[in-house]
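Scroll down for the structure; my scribbles are underneath it.
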Amino acid sequence: MPELPEVEEVRRTLEPHVMNVRVAGVEVVREDFMTPIGAPVQRLTGRIVVRTWRHGKKLFCIADDGQTLMIHLGMSGRVDCVSAGVKRELHTHVIVKLESGTEVRLRDPRRFGGLWYYPSFEKALAKETGGLGPDALEITTSDLMHWRGAKGRLKQRLLSQKDIAGLGNIYVDESLWLAKLHPRQEVGRLTSEQIVKLVKVIRQVLERAVGMGGTTVRDYRNALDQPGRFAKRLKAYGRGGKPCLRCGKPLKMLKIASRTTVYCPLCQRCR
DNA sequence: TTAGGCCTGCAC
DNA sequence: GTGCAGGCCTAA
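In this note's numbering, the protein residues as written are 7 to 277.
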């Protein structure tokens with residue numbers, strides 16, 4: 007479900023409810039939702055949340071003594087910020103109870119996501135961001151310079167998180183449409199003008215999506231249960247067969263890396 | 001590179 | 001019933 011803009015919106019809606027608030031306890035409903043299984047989360051009791059942070063699609067909550075929780079929402083993960091009395095929804099796997107009376111509930115029907123516990127922020131960083139590229143909101147052209155002569159196709163490389171962290175199926179298709187690049191274009195053969203353009207549109211589309219609270223295709227909601235409003239701005243994702251908004255030709259659909267990919271056969275050409 | 005697996009829910 | 005879904009990992 008969530009890509010960078012949705013995770014960022016969850017972070018932004020969550021932060022004011024957890025910052026400088028003391029943890030009253032953690033209830034683990036489903037042990038195997040957390041890594042490592044049996045992590046000493048009770049040590050969080052009495053600690054104060056001092057920071058939230060996001061890199062790519064990963065969301066971190068950091069306590070005053072450094073203990074860190076990393077949340078990955080997978081496809082169907084949700085963070086629900088509610089008062090303790092609210093009825094517990096199905097597939098609620100972990101509940102962080104705060105002294106304010108607020109509960110942060112992690113819910114994930116498909117369980118592709120998860121919660122990771124680290125005794126320190128440094129360890130969380132080393133483990134969780136080591137293999138990731140720079141955050142997609144902050145990429146620059148120089149971050150993609152190593153693409154020159156490299157192998158691999160655009161869509162796969164953009165989805166991999168190793169070059170850029172935060173893009174998923176929606177925003178890759180949107181970015182490639184905006185940059186007029188074919189998803190199967192070899193990255194090593196991009197011109198520097200094309201790379202400059204790509205970096206520009208990636209940042210632009212993500213900034214706009216963040217500004218609208220992300221994209222709700224079906225069930226994404228932020229921590230306060232509000233949907234994102236970017237769906238009506240989508241140019242490619244979900245529009246297979248519909249006319250290209252630039253040239254009018256029907257958008258094509260194909261499978262790349264077993265993900266449905268939508269692109270314009272006229273506007274988006276390989277080199 | 002692709003296919004399959006992990007899971008549940010929903011549209012058809 | 002079938003196929004599909006915003007992620008990501010592994011194996012062939």
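Heads up, the beta-carbon is just placed ideally off N, CA and C, and yes, glycines get one too.
Whole angstroms is fine: what's the gap from residue 142's alpha carbon to residue 170's?
Looking at the two C-alpha atoms, the distance is approximately 6 Å.
Which class does residue 109 belong to by DSSP, given the choice of helix, strand or coil?
strand
State the CB to CB distance for the pair residue 237 and residue 223, rounded to an integer number of angstroms; the pair is presumed to be in contact (CB under 8 Å).
6 Å
Along the beta strand (DSSP E) that carries residue 77, what are the first and last residues, could you check?
74-78
Taking its Cβ as the centre, do 16 or more other Cβ atoms sit within 10 Å of residue 228, making it buried, or is it exposed?
buried
For a test of the three-state rule: what should DSSP assign to residue 123, helix, strand or coil?
strand
Just reading off the alpha helix (DSSP H) that residue 255 is part of, what are its end residues?
First-last for residue 255: undefined, no H or E at that position.
Which of helix, strand or coil DSSP assigns to residue 218
Assigned with DSSP and collapsed to three states, residue 218 falls in coil, not helix or strand.
Exposed or buried, residue 198, counting other C-beta atoms within 10 Å across all chains shown (16 or more means buried)?
exposed
Alpha helix (DSSP H) containing residue 284: first to last residue?
Given a span of 7 to 277 for the chain in the structure shown, any question on residue 284 remains unanswerable.
Excluding the 5 residues preceding and the 5 following residue 36 in the sequence, name in chain order all residues of the same chain whose CB lies nearer than 7 Å to its CB.
99
Taking contact to mean at least 3 C-beta pairs separated by less than 8 Å, is the segment 185-203 in contact with the segment 120-135?
By the Cβ criterion, the segment 185-203 is not in contact with the segment 120-135, since fewer than three pairs of Cβ atoms, one from each stretch, lie closer than 8 Å.
Where do the ends of the alpha helix (DSSP H) carrying residue 96 lie?
Note, residue 96: premise wrong, no alpha helix (DSSP H); not H, not E.
Starting from residue 64, trace the beta strand (DSSP E) both ways and give me its first and last residue.
64-69 is the span of the beta strand (DSSP E), which, as asked, contains residue 64.
Let me confirm a value: residue 266 is counted as buried when at least 16 other C-beta atoms fall within 10 Å, else exposed. Which label applies?
exposed
With C-beta atoms as the reference, is residue 234 less than 8 Å away from residue 12?
yes
Considering residue 23, what are the terminal residues of the alpha helix (DSSP H) in which it resides?
10-24
Tell me, which residues are paired with residue 171 by DSSP?
141
Beta-carbon within less than 7 Å of residue 257's beta-carbon, same chain only, minus the 5 sequence neighbours each way: which residues are those?
242, 245, 246, 247, 248, 250, 268, 269 and 270
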